[in-house]
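Count the sequence shown with this note's numbering and you get residues 259 to 348, in order.
For every residue, glycine included, the Cβ atom is placed at its ideal position computed from N, Cα and C.
All values reported here derive from a predicted model rather than from experimental measurement.
Following: one structure in structure tokens, then a few remarks.
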Amino acid sequence: MEKELKFRPGDTVRVYVKIKEKDKERIQAFEGIVIRKKKGPQGSFTVRKVSYGVGVERTFPLNFPGIDRIEVRKRGRVRRARLYYLRKSR
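Shown next, in the form of structure tokens:
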């Protein structure tokens, strides 16, 4: 299974994650803006969203078998590789 890894910081992505609860398995979507992406075999990426006024960040390893698929919803145009300034409240 090949995952779509052609996304960059600033892109809005939807990550489908397999969740196992007892003997059942379901897929949960997590949608947000990629604020960083590390390269290499041990690489990871962090996705940030605001849910009910609270910022939520989730970090996924690139080779995590629990990721079902990654959809790029919108391409972002940014000039930085690390978008930590999005954490600051407005």
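In chain order, Y274, V275, K276, I277, D326 place their CB closer than 8 Å to the CB of I285, counting only its own chain and leaving out the 5 sequence neighbours on each side. Listed as beta-bridge partners of Q286 by DSSP are V275. Secondary structure note for V336: it is in no beta strand (DSSP E), with a DSSP letter that is neither H nor E.
When C-alpha distances from V314 are compared across L344, E283, K282, the shortest belongs to L344. Residue R331 holds the alpha-carbon nearest to the alpha-carbon of F265 among R331, K280, L341.
With a threshold of 16 other beta carbon atoms within 10 Å, F303 meets it and is buried.
Note on geometry: alpha-carbon atoms of Q300 and R337 lie some 24 Å from one another.
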